[in-house]
Structures are given as C-alpha cells and as structure tokens.
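Student:
Residue numbers (my numbering): 887 to 1102.
1) Go ahead and label residue 1042 buried or exposed: buried means 16 or more other beta carbons lie within 10 angstroms of its beta carbon, across all protein chains shown.
2) Determine the DSSP secondary structure at residue 1014, reduced to helix, strand or coil.
3) Just the C-alpha distance for residue 975 and residue 988, rounded to the nearest angstrom, thanks.
4) Short of 8 Å in beta carbon distance, which residues of its chain neighbour residue 956, apart from the five on each side in sequence? Order them along the chain.
5) Note the first and the last residue of the continuous beta strand (DSSP E) segment covering residue 987.
6) Report the residue from 972, 912 and 961 whose alpha carbon sits nearest the alpha carbon of residue 950.
7) Could you give the DSSP three-state label for residue 924: helix, strand or coil?
8) Please classify residue 1091 as buried or exposed, where buried requires at least 16 neighbouring CB atoms within 10 angstroms.
9) When burial is assigned at 16 or more other CB atoms within 10 Å of the CB, is residue 973 buried or exposed?
10) Okay, do the stretch 930-940 and the stretch 1076-1085 touch, 3+ Cβ pairs below 8 Å being the bar?
11) Identify whether residue 1055 lies in helix, strand or coil by the three-state DSSP scheme.
12) Under 8 Å by Cβ, that's how I've got residue 1013 and residue 1046 pegged, so tell me the actual separation to the nearest angstrom.
13) Can you tell me the Cβ-Cβ gap for residue 945 and residue 916, rounded? I've got them flagged as a contact below 8 Å.
14) Which residues bound the alpha helix (DSSP H) around residue 954?
15) Closest by CA to residue 905, which one among 1087, 1084, 1056 and 1081?
16) Please check the pair residue 985 and residue 963, which I expect to be a contact at CB under 8 Å, by giving their CB distance rounded to whole angstroms.
17) Taking 9 Å as the CB-CB cut-off, is residue 993 touching chain D?
18) Give me, in chain order, the residues of the same chain whose beta-carbon lies closer than 8 Å to that of residue 981; leave out the 5 immediate sequence neighbours on both sides.
19) Tell me the residue span of the alpha helix (DSSP H) that contains residue 1080.
20) For a quick check, are the C-beta atoms of residue 924 and residue 1053 less than 9 Å apart?
21) Could you name the residues of the same chain whose beta carbon sits closer than 6 Å to that of residue 1136, not counting the 5 residues immediately before and after it, in chain order?
22) Measuring alpha carbon to alpha carbon, tell me which of 970, 947, 922 and 918 ends up nearest residue 1007.
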C-alpha cells in the first residue's frame, strides 16, 4: 500500500474508533438515565437530516436488543413534536395525548404508559430526542427531575454532535482520497485527544474548517 493509502486507512480506522466510542457514551447515558429514574426504558434518537428520519442510536431496557438502527419519520408522534418544537414534554398517560403515535409504538414492540421526552440541542441545532419511558408514578414529576433530565440531555447532545462529526470525517475519508482531506480528518481525531484550553482551541479550528468544507 502506498504512503497516502496507509495514511487514509489509519485515519479511517481512527474515525471508526471514535464512532464506536461516542455510541458507547450514548449507551451509557440512556442506561444511567433509566437507572436514576427507575424507568422501564430509555432511548436516544438521532435526527438524520439526509432522510428526515429519527434513528434509534441508543436504547436501555425494553427494546435494547432490537431497536438500534430503527428509523421513523422525524415528524412522528411525541418524539417528532419535541424535536420540532424544541420543548420538553412529560406525560403520565400517553394514551390520552393526541400526539402519541400508538401504531409506531406497537411496531417497536413496546407501548409505554408514561413518558418524559426532551430535545437534544447543540449550538442552536436540534440533533435528536431523549426519551425516558414508564418511570414509577408514586409522585408527580418535579422541577428537580426536570433539571436532572436536562443534564442528561446536555450530555447526550454533546455526544450526538461528536458522533455526527466522526461520521462526517469518515465520509470525507471514504469518498475523497486526497491527502488534504485525510489530513483534515486526522487533525480532527488528534484534537479529540487534547485537554482543556488546547482542545477548545482545536475544536474551534475544526469547526471553522467544517464550515469552509460545507460552504457555510
């Protein structure tokens, strides 16, 4: 293999590793959220802007073995409403809400009764939705719980943003064999290993490069 080819392969391998690491982070978020709230399930949707669909990226509890990668139209049900309005929603009985898409829930194999749903926002972009399903209903939802749900949403939004960046870098490497493109992807991977102010400065640089590459 030529030197440019080896470089491209190395960069691609690094991007794949980042993809897996960010997905593992998302999985840990839904698992901890489910445990903290004592819920039956928790899930994170990623908005695929290309197809205008919500994709299950991480699931804990009910559906964990079957739903990863499942897609639904982005305007579907409560998750779609939360994504579009960018407003959190807490329902004790989803069957009484006209926004609930029961047919879609039935196709996933699990129909919840109660639901907490919050948009995942990063730099004014709606990246996806975090759902927590069927928490115990001994007491009504509190402001403290909303703050806690918001904390999980912030962490999930950061992880989704990193996942999207890794996938864009992977696409650049896969579809453009030029050394310049590989160098940009390698730079992004290197920055992820930095800490504190050096990492913050590096992220700003990659964001500027990303804007240029996308013609922003």
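Just so you know, even glycine gets a beta-carbon here, dropped at the ideal spot from N, CA and C.
Tutor: Quick answer:
1) Numbered from its first residue, the chain shown carries residue 1042 at position 156. Of the residues assessed, residue 1042 falls on the buried side of the cut-off, its CB having 16 or more other CB atoms within 10 angstroms.
2) Your numbering for residue 1014 matches position 128 in the chain shown. Annotated three-state conformation of residue 1014 is strand, per DSSP.
3) Against the chain shown, residue 975 aligns to sequence position 89. Against the chain shown, residue 988 aligns to sequence position 102. When rounded, the distance between both Cα atoms is 17 Å.
4) The residue given as residue 956 occupies position 70 in the chain shown. For residue 956, the CB contacts under 8 Å within the same chain, skipping 5 residues up- and downstream, are 941, 942 and 994 in chain order.
5) Taking the first residue of the chain shown as position 1, residue 987 is located at position 101. Following the DSSP letters along the chain, one finds residue 987 in no beta strand (DSSP E), marked with neither H nor E.
6) The count along the chain shown starts at 1 and reaches residue 950 at position 64. Comparing Cα-Cα distances from residue 950 to each of 972, 912 and 961, the minimum goes to 912.
7) Indexing the chain shown from 1 puts residue 924 at position 38. DSSP, reduced to helix, strand and coil, places residue 924 outside both helices and strands of the structure shown, so it counts as coil.
8) Locating residue 1091 in the chain shown gives position 205, counting from the first residue. By the C-beta density criterion, residue 1091 is exposed, having fewer than 16 other C-beta atoms within 10 angstroms.
9) Sequence index remark: in the chain shown, residue 973 carries index 87 (1-based). Within a 10 Å sphere around the beta-carbon of residue 973 sit fewer than 16 other beta-carbons, which makes this residue exposed.
10) Flag = no, the stretch 930-940 and the stretch 1076-1085 do not touch.
11) By 1-based counting over the chain shown, the position of residue 1055 is 169. In the structure shown, residue 1055 sits in a helix (DSSP, three-state: H, G or I).
12) Here residue 1013 refers to the residue found at position 127 when the chain shown is read from its first residue. Here residue 1046 refers to the residue found at position 160 when the chain shown is read from its first residue. About 4 Å separates the two Cβ atoms, so the contact holds.
13) The residue labelled residue 945 in the question sits at position 59 within the chain shown. The residue labelled residue 916 in the question sits at position 30 within the chain shown. For residue 945 against residue 916, the beta-carbon gap comes to about 6 Å, under 8 Å, which counts as contact.
14) Your numbering for residue 954 matches position 68 in the chain shown. Neither: residue 954 is in no alpha helix (DSSP H) and is coded neither H nor E.
15) For the purposes of this step, residue 905 is identified with residue 19 of the chain shown, where counting begins at 1. Minimum Cα distance to residue 905 is reached at 1056.
16) Your numbering for residue 985 matches position 99 in the chain shown. Your numbering for residue 963 matches position 77 in the chain shown. Yes, they are in contact, since the Cβ atoms of residue 985 and residue 963 sit about 6 Å apart, within 8 Å.
17) Protein chain content of the structure displayed is limited to a single chain, and chain D is not contained in it.
18) As a working note, residue 981 is residue 95 in the chain shown. Here the set comprises 988 and 999.
19) In the chain shown, the residue the question calls residue 1080 occupies position 194. Note, residue 1080: premise wrong, no alpha helix (DSSP H); not H, not E.
20) Taking the chain shown and counting its residues from 1, one reaches residue 924 at position 38. Taking the chain shown and counting its residues from 1, one reaches residue 1053 at position 167. No, the Cβ-Cβ distance between residue 924 and residue 1053 is not below 9 Å.
21) This structure does not reach residue 1136, given that the chain is present from 887 up to 1102, and the question cannot be answered.
22) Residue 1007 sits at position 121 when you count from the first residue of the chain shown. Here the closest residue by C-alpha is 970.
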